[in-house]
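Numbering (the working numbering), first residue to last: 2 to 163.
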């Protein structure tokens with residue numbers, strides 16, 4: 002008995018292109034959700050580091066009756082003050098190491114010396130929309146260029162009052 006038609010084994014070019022397109026679509030969805038997860042993870046890291054800094058500043062204040070850097074340090078007092086303040090906390094062994102801001106974040110510190118704000122820690126969060134309403138546990142809003150009540154921002158602030 003002879004077969005009238007032979008079936009070839011394998012896939013056609015169209016079938017392969019459809020499979021590749023589906024895999025590409027699924028991978029782009031996965032990568033997009035991973036980017037969001039990474040941004041949230043960076044925000045969690047920032048908040049955890051700021052919580053540790055707040056505790057270390059409280060220990061420093063308890064020991065010396067003041068916060069580090071009562072006068073601005075360097076040409077850029079917000080950034081230079083942060084590195085100097087964190088270095089002092091490491092020297093005093095209130096902090097294990099100087100925190101480094103993750104990608105897309107900045108760390109700032111300023112000492113308002115004897116004001117109700119005291120030592121102010123400031124960073125930005127990636128996973129919130131710019132807003133005038135402070136994120137949870139943030140000392141915003143108050144009248145200041147960084148954390149003003151009238152500017153929409155992603156800033157996250159921790160006040161360490163005197």
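Just so it is clear, CB atoms sit at the ideal spot from N, CA and C, and this is done for glycine as well.
- Along the region 96-126, the beta strand (DSSP E) occurs as fully enclosed runs of 3 or more residues at 108-112, 120-125, listed in sequence order.
- Here residue 140 is not bridged, per DSSP, to any residue.
- Residue range 14-65 is occupied by the alpha helix (DSSP H) that includes residue 51.
- The alpha-carbon of residue 39 is positioned some 33 Å away from that of residue 74.
- In the structure shown, the three-state DSSP call for residue 130 is coil.
- A straight line joining the alpha-carbon of residue 111 with that of residue 26 spans about 47 Å.
- The beta carbon of residue 85 sits closer than 8 Å to the beta carbons of 69, 70, 74, 75 from its chain, once the five residues preceding and following it are set aside; these are given in chain order.
- Using a Cβ distance threshold of 8 Å, residue 155 and residue 126 count as a contacting pair.
- In this structure, the straight-line span from the alpha carbon of residue 44 to that of residue 10 is close to 52 Å.
- Residue state for residue 70 is assigned as coil, using DSSP reduced to three classes.
- When DSSP states are grouped into helix, strand and coil, residue 155 belongs to the coil group.
- For the options 37, 104, 140, 134, the alpha carbon positioned closest to that of residue 118 is the one of 140.
- Sequence-distant Cβ neighbours of residue 96 in its own chain, meaning closer than 8 Å and more than five residues away, are 53, 54, 57, 87, 90.
- Relative to the Cα of residue 46, the nearest Cα in the group 131, 108, 120 belongs to 108.
- Annotation for residue 131: 153, 154, 155 place their beta carbon closer than 8 Å to its own, counting only its chain and skipping 5 residues before and after.
- Contact check for residue 51 and residue 122: beta-carbon distance about 6 Å, within the 8 Å limit, so the pair qualifies.
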